[in-house]
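Residue numbering for the sequence shown follows our numbering, beginning at 2 and increasing consecutively. Ideal placement from N, C-alpha and C gives every residue a C-beta, glycine not left out. No experiment lies behind these values; they were computed from the predicted model shown. Below is one structure, written out as structure tokens; the observations come after it.
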Amino acid sequence: FEVLIAERDAKPVGFVSFFRGYTGWRGKPMGIVHALYVRPEERRTGAARELMANVARIALERGWARVELFVEEVRSAIRFYEAIGLRDLRHAYAPGG
């Protein structure tokens, strides 16, 4: 796995860990975000957005088919992920979805 660390004033404020997976149905590698964390007092400062943007940039540079992550349904983080353009794949392939 790999980790990117967000810093402010040379102090860590958050991180994202991710690793390479494989999407068998597309026959290509993909990225899987394992954890994204930003200290509570640093939330809403753009740190999480920047961390995820860097994961996306790395995925594009490496030719990964996509980046996936799994979020517990009750987590307020879902709104953040939707705001940066991620979508819930559980419903993407459902009838009428």
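Buried or exposed, going by whether 16 or more other CB atoms sit within 10 Å of the CB of A36? exposed
Name the two residues that bound the continuous beta strand (DSSP E) containing V34. 29–39
Please classify L52 as buried or exposed, where buried requires at least 16 neighbouring CB atoms within 10 angstroms. buried
Tell me the rounded alpha-carbon separation between E62 and M31. 12 Å
Under the rule that 16 or more other beta-carbon atoms within 10 Å means buried, what is W26, buried or exposed? exposed
Quick check: the Cα distance between G47 and V17, rounded to an integer number of angstroms? 13 Å
Quick check: F81 and A57, are their CB atoms within less than 9 Å of each other? no
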